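These notes are about the structure you will find just below.
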Amino acid sequence: MISVVDRLRQVLPGRVDTTDAARADARADKSGHAASGMPLAVLYPESVADVQAIMRIATETHTPVVPRGAGTGLAGGANTGAGALSLSLTRMNRVLEVHPDDLIAVVEPGIINAALNEALRPHGVWWAPDPASREISTVGGNIATGAGGLLCAKYGVVRDAVLGVDVVLADGTLIHCGKRTVKGVAGFDLTSLLIGSEGRLGVIVGATLKLRRTVSGTTCTVTAVFSSVRDAAAGASAVTAAGIQPAIMELMDATSLDAVHRLLELDPPTVGASQLTIQTDGVAATEEADAIAALLTARGAEVAVTDDPDVGTELLRIRRSMHPAMETLGTTLIEDVSVPRSRLADMFDEIARIERAYGVTIPTVAHAADGNLHPNFVFDGQDVPDHIWEAADDLFTSALRVGGTLTGEHGVGVLKSRWLKAELGDAQWQLQQRVMRAFDPAGILNPGKVFAS
């Protein structure tokens with residue numbers, strides 16, 4: 000009997016990779032954790048028809064399929080293990096349509112965030128989602144995980160910037176969800192359901208994106224150095240409470256700030272200091288930056304303001320270098336919780352408590368404008384020690400207790416699946432699994448992810 004891999008070679012000539020290197024790469028993502036065993040193959044479709052053919056063969060042979068973008072995820076959601084196929088969308092990377100008058104673009108899933116905006120620039124438009132990994136992450140991966148990023152508070156998350164998706168279901172059926180219009184309420188909103196579904200409902204093969212016109216005016220960057228992370232978090236909440244809407248407001252605690260400065264070979268920061276890096280944009284950027292500076296100076300921060308775009312880019316590079324800086328400290332469990340913006344300082348208090356209770360250091364950065372924190376648990380070796388999982392459990396429970404959520408933008412994947420029921424409750428947890436089975440009755444799409452067995 001012909002094997003599933005041989006059948007796939009017939010429909011994807013030259014695009015079925017069974018080398019050890021390719022299969023080993025598909026086992027892991029940027030979380031630093033890998034699936035058990037080696038996948039059967041890595042597949043590289045170049046069209047919607049290719050994806051449909053793959054899924055028909057997978058359904059006929061009951062072979063699990065794990066959709067994958069650039070592998071920049073941080074929850075293990077695209078990790079592919081023994082007996083499964085890794086379905087890479089990276090070769091489907093074209094911009095198919097751009098309509099500046101309608102503020103929409105139609106793209107394939109494998110296009111890189113930064114490359115998309117380079118392609119849109121001549122049209123005077125841009126796509127707002129701005130994850131820290133924008134130089135290497137794909138739009139399809141952003142949609143599958145419901146990604147966020149640095150600009151969320153002002154410009155929204157991926158869910159706010161997608162009008163429709165084209166999806167291949169487990170049996171190879173192609174469906175077009177959503178719309179190209181500003182308004183549209185016909186039927187259930189399957190687009191919103193598919194955004195953030197982490198490959199459990201279908202394979203995203205195209206997207207209709209909601210664009211914005213290029214922001215006119217200047218961009219100002221404010222840095223505010225505080226003596227403690229709690230003071231920095233309280234300062235960020237004060238900016239929000241004052242009704243000022245910066246485009247970016249990022250917080251780095253002392254440990255993460257020091258690690259990045261060492262990585263980039265910058266002068267060491269003040270010992271124990273935490274920093275807010277804030278950008279304002281548009282016609283009111285200068286006035287907003289001055290108001291923020293005055294507010295944070297009154298709260299005891301050492302504040303600097305610049306409208307030099309090169310300086311601003313360099314200051315944000317410090318924040319965007321967080322993940323490679325953490326890799327210099329050891330193996331990292333990179334986490335992602337969100338809390339109400341008014342509870343940001345309280346969550347940092349919880350992190351400090353957990354550090355003391357478990358004898359661990361948890362370098363933390365935050366998208367402070369929207370209450371999304373990224374605590375990093377650093378340890379030696381490849382396997383997460385029990386005391387790290389215990390500390391993480393305490394952290395997740397704390398986030399839920401202050402009115403937050405387990406994940407703001409990274410997704411559940413495999414790393415958080417054991418805690419999902421605690422947030423959803425049993426009734427919703429069961430309902431979501433019934434929805435999943437309606438899309439994929441055989442359970443071949445990304446099995447084992449999101450919902451712990």
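Mapping to numbering that gives the first Met the number 0: the sequence shown position 82 is 81, numbers consecutive.
We put the CB at the ideal spot given by N, CA and C, even for glycine.
This structure is a prediction, so every number in the text was calculated from the model and none was measured.
Q) Who does E249 pair with in a DSSP beta bridge? A) T276, H366
Q: Look at the Cβ atom of T127, then the Cβ atom of R211, and state whether they are nearer than 8 Å.
A: According to the sequence as given, residue 127 is Ala; it is not Thr. Cβ distance < 8 Å, so A127 and R211 count as in contact.
(Q) Give me the residue from V449, R158, L200, L208 with the minimum Cα distance to I174. (A) Comparing Cα positions, the closest option is L200.
Q: Pull up the DSSP beta-bridge partners for W125, would you.
A: Assignment of beta-bridge partners to W125 by DSSP yields R211.
Q | Beta-carbon contacts of R158 that lie in its chain and below 8 Å, excluding the five residues immediately before and after | A | G145, S191, I194, G195
Q: Indicate the three-state DSSP secondary structure (helix, strand or coil) for T62 in the structure shown.
A: coil
Q: With a cut-off of 8 Å on the beta carbons, I'd call A258 and L328 a contact; round off their distance for me.
A: Their Cβ separation, rounded to whole angstroms, is 6 Å, which keeps A258 and L328 in contact under 8 Å.
Q: Return helix, strand or coil for F450, following the three-state DSSP convention.
A: If DSSP states are grouped into helix, strand and coil, F450 belongs with coil.
**Q.** Continuous beta strand (DSSP E) assignments of at least 3 residues falling wholly in the stretch 77-102
**A.** Runs of the beta strand (DSSP E) inside the stretch 77-102: 84-87, 94-98.
Q) Quick one, which of I135, A206, I247, V10 has its alpha-carbon nearest V221's? A) Nearest C-alpha to V221: I247.
(Q) Considering Cα atoms alone, identify which of R342, L314, I387, P121 is closest to V401. (A) Comparing Cα positions, the closest option is R342.
Q: Would you tell me roughly how many angstroms separate the C-alpha atoms of A390 and S416, rounded to the nearest one?
A: 16 Å
Q) Can you check whether the CB of L332 is closer than 8 Å to the CB of V383? A) yes
Q.
Looking at the strands, I want to know which residues DSSP matches up with L265.
A. According to DSSP, L265 bridges with nothing at all.
Q | Three-pair Cβ contact test at 8 Å for the stretch 276-285 versus the stretch 235-246 | A | In this structure the stretch 276-285 lies against the stretch 235-246, because at least three pairs of beta carbons, one per stretch, are closer than 8 Å.
Q) Can you name the residues that DSSP bridges to R67? A) For R67, which the question treats as bridged, DSSP gives the partners S87.
Q: Decide yes or no for the touch test of the stretch 50-68 against the stretch 437-444: beta carbon pairs closer than 8 Å, at least 3 of them.
A: yes
Q: Determine the DSSP secondary structure at T404, reduced to helix, strand or coil.
A: strand
Q.
Let me make sure I understand the geometry here. Which of G75, E422, P308, E286 has the alpha-carbon closest to that of G447?
A. Residue G75 is the option with its Cα nearest to G447.
Q.
Is it buried or exposed, L11, if we count other Cβ atoms within 10 angstroms and call 16 or more buried?
A. By the neighbour-count rule (16 or more Cβ atoms within 10 Å), L11 is buried.
Q.
Give me the residue from M0, A83, G68, R179 with the minimum Cα distance to P108.
A. G68
Q: Can you tell me which of the three DSSP states S416 falls into?
A: helix
Q.
Nearest by alpha-carbon distance to G13: which of A23, S30, P44, A20 is it?
A. Among A23, S30, P44, A20, the Cα nearest to that of G13 is on P44.
Q. How many angstroms separate the CA atom of A290 from the CA atom of A284?
A. 10 Å
Q. Tell me the DSSP bridge mates of I203?
A. V166
**Q.** Exposed unless 16 or more other CB atoms sit within 10 angstroms - verdict on M325
**A.** Buried, because 16 or more other Cβ atoms sit within 10 Å of the Cβ of M325.
Q: Output the distance between the C-alpha atoms of L102 and F187, rounded to the nearest integer angstrom.
A: Approximately 24 Å between the Cα atoms of the pair.
Q. Looking only at its own chain, which residues have a Cβ that is under 7 Å from the Cβ of N116, when we skip the five neighbours before and after it?
A. W125, W126
**Q.** Buried versus exposed call for S46 [16 or more other C-beta atoms within 10 Å across all chains shown]
**A.** exposed
Q: Could you tell me whether the stretch 374-381 touches the stretch 352-365, where touching means 3 or more Cβ pairs closer than 8 Å?
A: By the criterion of at least three beta-carbon pairs nearer than 8 Å, the stretch 374-381 is in contact with the stretch 352-365.
Q) What first and last residue would you give for the beta strand (DSSP E) that runs through E301? A) 301-305
Q) In three-state terms, what does DSSP make of H409? A) coil
Q: Spatial neighbours of N371 within its chain, please: CB distance less than 6 Å, with the 5 preceding and 5 following residues excluded, ordered by chain position.
A: Within the same chain, Cβ atoms closer than 6 Å to the Cβ of N371 are found at S337, G407, the five residues on either side in sequence being excluded.
Q.
What does the alpha-carbon distance come out to for the pair V238 and L256?
A. 21 Å
Q.
Our contact map puts L275 next to A367 with C-beta atoms below 8 Å; I'd like the distance itself, whole angstroms only.
A. At roughly 7 Å, the Cβ-Cβ gap stays under 8 Å, so L275 and A367 are in contact.
Q) Residues in its own chain within less than 7 Å of T217 by CB, not counting five upstream and five downstream? A) A284, T285, D306
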